[in-house]
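First residue of the sequence shown: 0, per numbering that gives the first Met the number 0; consecutive thereafter.
Ideal placement from N, C-alpha and C gives every residue a C-beta, glycine not left out.
The structure under discussion appears below in the form of structure tokens.
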Amino acid sequence: MTDTDHPAATAPHHGDTSATTASGAYWADLTPGSGRLAPRAHFPLGGRRLDLGGTWSFRLSPVADAPLDFLAPGGPAEGARSWSPLTVPGHWVLQGHDVPRYTNTAYPFPIDPPHVPDANPTGDHHRTFDLPDDWPVTGDGSTVLRFEGVDSCFRVWLNGVELGTSKGSRLPSEFDAGPALSRGRNDLAVRVHRWSSGSYLEDQDMWWLPGIFRDVTLLEVPPGSVGDCFVHASYDHERGSGTLRIESDVPALVSLPGLGIHDHPADRPITLPGVEPWSAELPRLYDAGLAPLSGAAPVRLRVGFRTVAIHDGRFTVNGAPVLLRGVNRHEHDPDRGRAIDRDTMREDLLLMKRHNINAVRTAHYPPHPAFLDLCDELGMWVMDECDLETHGFIHADWVGNPADDPRWRPMIMDRMRRTVERDKNHPSVVIWSLGNESHHGTNLQALADWTRERDPSRPLHYERDRTYRHSDFYSLMYAPVNEVDRIGRHEEQAPPETADAPEAEARRRRLPFLLCEFAHAMGNGPGSLAEYQRTLESHPRCAGAFVWEWIDHGLRRTGEDGRTYFAYGGDFGDSPHGGTFCIDGLLFPDRTPSPGLAAYKKAIEPVGIGLDPAACRIALRNRYDTRDLAHLLFRWTLETDGTPVADGELKTPPVPARHDADMPFPELPGLLPEPPGRAAGPTGETWLTVRAVLAADEPWAPAGHEVAWAQTRVGGPLRRPAATGPGRTPAVATFDERTGLLKDLAGLGLEGPYLDVWRAPTDNDRGMGENSVLRLWRKAGLDRLVPRTESADRRPHELPVRSRWAPDGLPHGLRVRHGWAPDGEALRLTVEISPDGPWAGLTLPRVGVRFTLPARHDRVRWYGKGPGEAYPDSAQAARVGLFGADVAALQTSYVVPQENGRRADVRWAELTDPATGRGLRVEAAGGMGVFGLTVRPWSVEQLEAAAHPHDLMPGERLHLHLDVAQHGLGSASCGPAPLGWHQLRPQLWRMDLLLRPLAPGGPA
């Protein structure tokens, strides 16, 4: 290992100020660092390692050139008032020093490259460590000091001797520590600057979190050890053989005991028959040893044989087309920021695998190296992205963009080199990404040229230069479904950048297509995931897509009332800030899966199960890229009204990857035709569910884990009871004689119905800029409808009511006709809602009715879709069944409160007081069939007004929402609106409901 930067100062510093100030300071220059060793592959070196994490001493200064008064032996004086303990790895802003700041695109400092403000919070870190007695202390490179990640720029001293400086926050930096090392006690000091010239390259839609946030280690490098190697392990899918060659910086022999290879010259290619290839579906790794001829200790490697290629416009691995079902993943923990540990990384990957995700884009920087080790082990396709984004220059119309300024080339090239060299031996890394949203420029061309020469075995990705001259993929963000379909058919319009360049345009059209970001998972949503996935699967050109993003970036805080919540931009008094835009993940900040993750799992499930009850046939589609279905069991369950009546296991063939199979239904007991003339009762629905589950334990899930499922109704058509008249003694009901509203039913305290067309806006309703349906809804006054009762005509066995609901100052409105009538021991409610006046071009949030009742009725059972929430374009993860929960469990606690908790296609629901068993049953009646159910302990108005969940306090009454329809979710927070057929447009709506009081053990 050799130096790559110019030498650092080596003389001891015991009390001087920073070596340079003003415009020539190292933190604001255009050099990537000084005194660092050349970048190399990440693997365990042949010697020992000393973990230097733990409790350090820390001091925060407001400026970058604070006195260097902590470099003397022993460091800062014990009990020095300005110093305090700090955990490393960690961020000082999450440990009580200064505050975190979040921005999306705007830099939190003036655009004045490469300069940063005088006010530059700077953290001085110090710790002592004892060197083992037998650790060599020499100046021949036998000891390396390694930092895995420091944000954003740092300078390091060992025993008062400066080792060097570095920028590039999410990349490793190594220094030769030998010349400064001492036997026994050693003093390590690090100065970290919050802002640097490197910050202009790190505007990546995330919290700005300074500090030493990844591991710090001291590495022993015995003489003659392997310091760097490049594993070339390809797979020939036609011959079933692998070829291995390893470049090493010292002569070495390689051994792969699992393939019978011992002491083969590492740099001499060897072809190995019968190799099992590596893939994300079957991640076969071979343990290898690389032994230097010098006799130094061998290093351990894990080798995966695989070949990545783009063939005939398709992205392939090992000769098979691959469809990436991916996510963009920032590193985030609600308490530790980006200082995450290996257990958290494993938890992320296990959750991904269990939700059918097969690919990760490391947005927008290389992850901790241990994450890629786990991707190799568990199986995940990885797009490894360089630590580069200059998005903030959009606010300067891209003037001064470093991506197109040759003076910045050394810094930008350094980041790509450190990415590729560190991660080049990971079989999981199948695509290199040059960075994100940095517009275009000559420096990107330099990155592409160098990377292609250094590693021609992997394709490159870069989305924002729409000539795609630097990319091997045609890539877009947030394209709507119909545009993806046109692209898949090669029918898209040429982008302006290539419209007049025939050769460039012809090349672009030959590229595979990738949605590097889609389905912005902000709040309740995203919608249309199933439609996106079916479109991607329909076209060979499509290589897949990555949801934005994996996890909400909320930071845990405690309010004045002692309740915890997750903070977003502005909650720390930070300005400018990006507000809630960092709350856009499939996981909540504490890694609780959101309903969006369940919807994504269903949309991308690797097995399609088609159930045809008319033909009594099952169609299986294997959507895996390389794996057959032999590892799955197919279990079926028959349920009537949610109660299991039979189950079994299907005998299925081991369908090969990307193939189909067809088989008959199993023998289903009790499914006989109903006698002629016999009407179905309110119950008796029979549903067949087929589930694909793991037959045996996998490294990422136990046997029995559900991979895919499908469901169909095989008996009991959806017919609801017609009106029967007064019949038995009806429940006692009290009405408001003027408005016809119910004031009570059988002493339950039930009140309503009120017209219900508003919902607490979702992030996707709010949208972005002009793409905001909420703006249109508010302009149309849908949040402020007021009623006018036209008539309420009480009759012996009915109470018909007419009313009109409309906003102040506007001519349009909704006419509502609702009627009450006894129906046996129940009360029947019929509702007609119709548009009145000019509604052209408008949609509505929801249509239905709302009731309130005392909060003690907080136990809910329902027969319909569940167990989770479901909206028109996100309902694929919900299945028909019998479910129960208390009201608190029905709420989805989004970090930003908004519409949530709706259960879809409900046939009946019961709300009961668990102390008495009394309550209310609501049934769909007549031609209605099903309704949407939402039960909340607060009103829509309270939900909309809340900034965080802890702002919501349960009241004395529950709010019961019964809707006939809702507007879809879409992903307009950064993307398209709901598809047309998921938009709720004015029409005539009818509802028919039975309200039945419940006594303990049954109806009252």
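Alpha-carbon spacing of residue i relative to residue j, whole angstroms
{"i": "MET1023", "j": "GLY561", "result": "What the structure shows of the chain is the stretch from 0 to 1003, and residue 1023 is not part of that stretch, so it cannot be assessed."}
{"i": "ALA362", "j": "HIS329", "result": "5 angstroms"}
{"i": "LEU994", "j": "VAL654", "result": "50 angstroms"}
{"i": "ARG816", "j": "HIS552", "result": "46 angstroms"}
{"i": "LEU200", "j": "GLU504", "result": "29 angstroms"}
{"i": "LEU852", "j": "VAL731", "result": "16 angstroms"}
{"i": "PRO171", "j": "SER938", "result": "51 angstroms"}
{"i": "HIS704", "j": "LEU208", "result": "38 angstroms"}
{"i": "VAL879", "j": "SER278", "result": "35 angstroms"}
{"i": "PRO698", "j": "LEU348", "result": "11 angstroms"}
{"i": "ALA805", "j": "VAL846", "result": "14 angstroms"}
{"i": "LEU687", "j": "GLY739", "result": "43 angstroms"}
{"i": "ARG184", "j": "PHE153", "result": "23 angstroms"}
{"i": "THR497", "j": "ASP286", "result": "47 angstroms"}
{"i": "LEU554", "j": "GLY73", "result": "35 angstroms"}
{"i": "ASP311", "j": "VAL321", "result": "13 angstroms"}
{"i": "ARG626", "j": "SER537", "result": "19 angstroms"}
{"i": "PRO1005", "j": "ASP484", "result": "Here the chain covers residues 0 to 1003 and nothing more, so residue 1005 does not appear."}
{"i": "ILE260", "j": "LEU93", "result": "50 angstroms"}
{"i": "ASN770", "j": "GLY669", "result": "52 angstroms"}
{"i": "ASP735", "j": "ASP743", "result": "10 angstroms"}
Neighbour-count burial assignment, residue i, 16 or more Cβ in a 10 Å radius
{"i": "ASN435", "result": "buried"}
{"i": "GLN965", "result": "buried"}
{"i": "ASP334", "result": "exposed"}
{"i": "TRP980", "result": "exposed"}
{"i": "ASP904", "result": "buried"}
{"i": "THR270", "result": "exposed"}
{"i": "GLY32", "result": "buried"}
{"i": "SER1005", "result": "There is no way to answer for residue 1005, as the model of the chain reaches only from 0 to 1003."}
{"i": "GLY543", "result": "buried"}
{"i": "LEU754", "result": "buried"}
{"i": "ASP150", "result": "buried"}
{"i": "ALA21", "result": "Its pLDDT being 42, under 50, ALA21 is placed unreliably by the model, and nothing is read from it."}
{"i": "THR563", "result": "exposed"}
{"i": "THR534", "result": "buried"}
{"i": "LEU987", "result": "exposed"}
Close Cβ partners of residue i (< 6 angstroms) along its chain, the five nearest in sequence each way excluded
{"i": "THR829", "result": "GLY818 and ASP991"}
{"i": "HIS425", "result": "LEU371 and ASP375"}
{"i": "ILE603", "result": "ARG324, ASN355 and GLN532"}
{"i": "GLY647", "result": "TRP635 and PRO665"}
{"i": "GLU638", "result": "TRP686"}
{"i": "PRO786", "result": "SER802 and TRP804"}
{"i": "TRP708", "result": "ARG690"}
{"i": "ASP227", "result": "ARG39, ALA40 and ASP248"}
One or two residues paired with residue i in a DSSP bridge
{"i": "PRO84", "result": "SER56"}
{"i": "LEU217", "result": "LEU49 and LEU144"}
{"i": "THR738", "result": "Answer is none; THR738 lacks a bridge partner."}
{"i": "ALA547", "result": "Note that residue 547 corresponds to Trp in the displayed sequence, not to Ala. TRP547 is not bridged to any residue."}
{"i": "GLN965", "result": "ARG845"}
Check whether residue i and residue j have beta carbons under 8 angstroms apart
{"i": "GLY865", "j": "ARG917", "result": "no"}
{"i": "GLU502", "j": "GLU491", "result": "no"}
{"i": "HIS211", "j": "HIS331", "result": "Per the sequence shown, the amino acid found at residue 211 is Ile instead of His. It is not a contact, given that the beta carbons lie outside the stated cut-off."}
{"i": "PRO221", "j": "ALA295", "result": "yes"}
{"i": "PRO663", "j": "ARG620", "result": "no"}
{"i": "VAL480", "j": "LEU978", "result": "yes"}
{"i": "TYR477", "j": "GLY974", "result": "yes"}
{"i": "HIS438", "j": "PHE392", "result": "yes"}
{"i": "MET767", "j": "SER970", "result": "no"}
{"i": "GLY569", "j": "GLY558", "result": "no"}
{"i": "ASN317", "j": "PRO276", "result": "yes"}
{"i": "VAL894", "j": "ALA908", "result": "no"}
Other residues of its chain near residue i: CB distance less than 8 angstroms, five sequence neighbours each side excluded
{"i": "PRO109", "result": "PRO116"}
{"i": "ARG783", "result": "PRO806 and ASP807"}
The ligand GTP heavy atom lying under 7 angstroms from the CB of residue i
{"i": "ALA65", "result": "Among the components modelled here there is no ligand, and therefore nothing to report on the ligand GTP."}
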